[in-house]
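Working notes, structure below.
Protein chains: 2
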Amino acid sequence: MVLQTETEQKIIVSAEKLFYQNGKAGTSMQDIADDAGINRTLLNYYFRSKDQLFEAVFRKAMGRFVPNLVAMLHSDISFEEYIPAMVETVIDTMIENPQIPIFVLQELSSNRKRMPQIIKEMGIDPAIALKKMEEEGVSKVTGGMDPRQIILNLLSLSVFPFAAKPVALDILYNGDNEAYLEAMKERKKIIPQLMKQLMSQNRSR
Amino acid sequence: MVLQTETEQKIIVSAEKLFYQNGKAGTSMQDIADDAGINRTLLNYYFRSKDQLFEAVFRKAMGRFVPNLVAMLHSDISFEEYIPAMVETVIDTMIENPQIPIFVLQELSSNRKRMPQIIKEMGIDPAIALKKMEEEGVSKVTGGMDPRQIILNLLSLSVFPFAAKPVALDILYNGDNEAYLEAMKERKKIIPQLMKQLMSQNRSR
DNA sequence: ATTTAGTTTAACGACTTTGTTAAACAACTT
DNA sequence: AAGTTGTTTAACAAAGTCGTTAAACTAAAT
């Protein structure tokens, strides 16, 4: 957004790391200062309060993937075409920040004033999204399946394996992070395939 | 587990509500006492400490759906047969407690000692699970797709829409909780269909 | 009528957290 | 040389949190 000094960046990096990991209430300003290797007073110097620092971190996290969602919902090009590139982007983002989904969803779930606020700021219009879908014939493509279910399926397949990383890693991949990562990359191919199958299969019935 | 007095139950109910909503650090003992309509001292009377109360809540939450997962992974009957009943159970559980997924995943993600501990206690053996799958011919059924990807798909489709409830509700269902609930119930049919398609489609290629 | 278990009230100590302030220091600019 | 900016140190008040304790109260059980 704005130019950032080196220190400001160190603060954000540490704040992200700790807020992602332990949440807002679970992270103290001292924790962040220590992790950033600076004095606690500096935190209040750059970000007036904990609230404001958290707000900065939260908005940055939202900014990493909400645009993808919005673009897909509001775009002109067809839903079907959109999927592969979108899945690739989302998964690449998540691989670098697997904790973002839980962090964001937890915050949205505990602070219910957040969603309406975001919808406004981001200019999301659910009505337009659904209308465009049907105009594009997506609902025909999906063989009558509610387009919202399609979206839920797509997001579920793309995001959940990261939200559930600790479980998946330890139970399915035996703690082998490399194997887990490989599997996540593989999903960039698997998911578009599934979505395509899913839609054409329905269409031909 | 054990007999519970009325008060003990009131405490657990309030603790669940608040821990689910705001996490461990975001919930004070006073908050819980107030919500339960009792005195804070009573909390320490029944559960020695905040840690122990949280532990009770967390274990109860895990107990709601881990058995489903374990049963599926270790069961004798075929994976394909297992899906419909399992999806039904999981979704019914989630409808009543949509916040559990985030709560549990957040805790597992911020407390990394938890997973190994749980794997031990619950008697989960990832090796056995995968072996059984292949013995049952699941890997043939899935046309060579890694059985772990199948499991990820199944869990993603079943659980994520609840973890993302605030987003889905406000963006896709315009805040209409009834509509959202209906959609979730619909998924009890949709998901098994998808999984079946997904597996047979792959098999026939 | 007395005991007992559950509960409340009040209070305490020890500790943490947040935000603020004042003073001093370092380094770089002008 | 003086000024500016970023930074540290030290200290503080206000508020909150947790666990504990002692004393008193209620109501049901013996």
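The listed protein sequences derive, respectively, from chains A and B. Each residue of the first sequence is one higher than the last, beginning at -1 in my numbering. Each residue of the second sequence is one higher than the last, beginning at -1 in my numbering. Just so you know, even glycine gets a beta-carbon here, dropped at the ideal spot from N, CA and C.
So residue i packs on residue j, CB below 8 Å; how close in whole Å?
i	j	result
B/Pro124	A/Asn175	Not really, about 15 Å apart at Cβ, beyond 8 Å.
B/Ala59	B/Val102	6 Å
A/Leu155	B/Leu155	7 Å
B/Ile169	A/Ile117	7 Å
A/Leu196	B/Gln195	7 Å
B/Pro159	B/Met182	6 Å
A/Val64	A/Met120	6 Å
B/Gln2	A/Gln104	28 Å between Cβ atoms; not a contact.
B/Lys48	B/Met27	6 Å
Report the residue from the options whose alpha carbon sits nearest the alpha carbon of residue i.
i	options	result
B/Leu106	A/Gly121, A/Ala161, A/Arg46	A/Ala161
A/Val88	A/Asp74, A/Val68, A/Gln104	A/Val68
B/Ser76	B/Lys129, B/Ile169, B/Ala13	B/Lys129
B/Asn66	B/Arg146, B/Gln115, B/Ile122	B/Ile122
B/Gln147	A/Met70, A/Glu184, A/Thr25, A/Glu133	A/Glu184
A/Ser198	A/Leu40, A/Glu78, A/Lys187	A/Glu78
A/Tyr80	A/Tyr18, A/Asn109, A/Met131, A/Gln19	A/Met131
B/Val165	A/Asn109, A/Val165, A/Ser73	A/Asn109
A/His72	A/Glu14, A/Glu133, A/Gln19, A/Ala54	A/Glu133
Can you pull the chain B neighbours of residue i, defined as C-beta to C-beta under 7 Å?
i	result
A/Ser76	Chain B residues near A/Ser76: none, gap ~19 Å exceeds 7 Å.
A/Gly35	The premise fails here: A/Gly35 is roughly 22 Å from chain B at the closest Cβ pair, so nothing lies under 7 Å.
A/Ile149	Leu170
Once the 5 residues before and after residue i are set aside, which same chain residues still bring their CB inside 7 Å of it?
i	result
B/Leu167	Gly173, Asn175, Tyr178
B/Val82	The sequence as given places Pro at residue 82 of chain B; Val does not occur at that position. Only Pro190 meet the Cβ criterion.
A/Thr25	Leu16, Phe17
A/Asn187	Sequence check: residue 187 of chain A is Lys here, not Asn. Once the five neighbours on either side are set aside, A/Lys187 has no close Cβ partner at all.
A/Glu6	Tyr44
A/Val85	Ser156, Lys186, Ile189, Pro190
A/Ile93	Leu179, Met182
B/Asp29	Leu16
Note down, in chain order, each residue of its chain lying with its Cβ closer than 8 Å to the Cβ of residue i, except the 5 sequence neighbours on either side.
i	result
B/Arg62	Thr91, Asn95, Ile98
B/Leu150	none
A/Asn37	Ala31
Which chain A residues sit within Cβ distance under 7 Å of residue i?
i	result
B/Ile89	The contacting residues do not exist; B/Ile89 stays about 13 Å from chain A at best.
Taking residue i as the query, report the chain A residues whose CB atoms sit under 8 Å from its CB, ordered along the chain.
i	result
B/Phe63	Neighbours of B/Phe63 on chain A: none; closest Cβ ~11 Å, over 8 Å.
B/Leu196	Leu192, Gln195, Leu196
B/Ser107	Gln19, Gln97, Ile100, Lys163, Pro164
B/Arg110	Pro164
Residues in its own chain within less than 6 Å of residue i by CB, not counting five upstream and five downstream?
i	result
B/Val157	Pro99
A/Phe52	Lys22
A/Ala34	Lys8, Ile9, Ser12
B/Glu4	none
A/Lys163	Pro96
A/Met(-1)	Residue placement at A/Met(-1) is flagged as unreliable, the pLDDT there being 49, under the threshold of 50; the coordinate-derived value follows with that caveat. Cβ neighbours of A/Met(-1) beyond the five flanking positions: none.
A/Val55	Ala13, Glu14, Phe17
What in chain B is Cβ-close to residue i, meaning under 8 Å?
i	result
A/Leu153	Phe158, Ala162
A/Pro114	Asp168
A/Ile30	Residues of chain B passing the Cβ test: none, with the nearest at roughly 14 Å.
A/Leu267	Look at the range of chain A in this structure, -1 to 203, and you will see that residue 267 of chain A is not part of it.
Starting from the beta carbon of residue i, find every residue of chain A whose beta carbon is closer than 9 Å, and list them in chain order.
i	result
B/Pro124	Asp168, Ile169, Leu170, Tyr171, Asn172
Using a C-beta to C-beta distance shorter than 9 Å, which residues of chain B count as neighbours of residue i?
i	result
A/Ala23	Asn20, Gly21, Lys22, Ala23, Gly24, Thr25
(message) Output needed in chain order: residues of the stretch 174 to 190 of chain A with a Cβ under 8 Å from some Cβ in chain B.
(response) Residues are counted here when their Cβ sits less than 8 Å from a Cβ of chain B; for the stretch 174 to 190 of chain A these are Ala181, Glu184, Arg185, Ile188, given in chain order.
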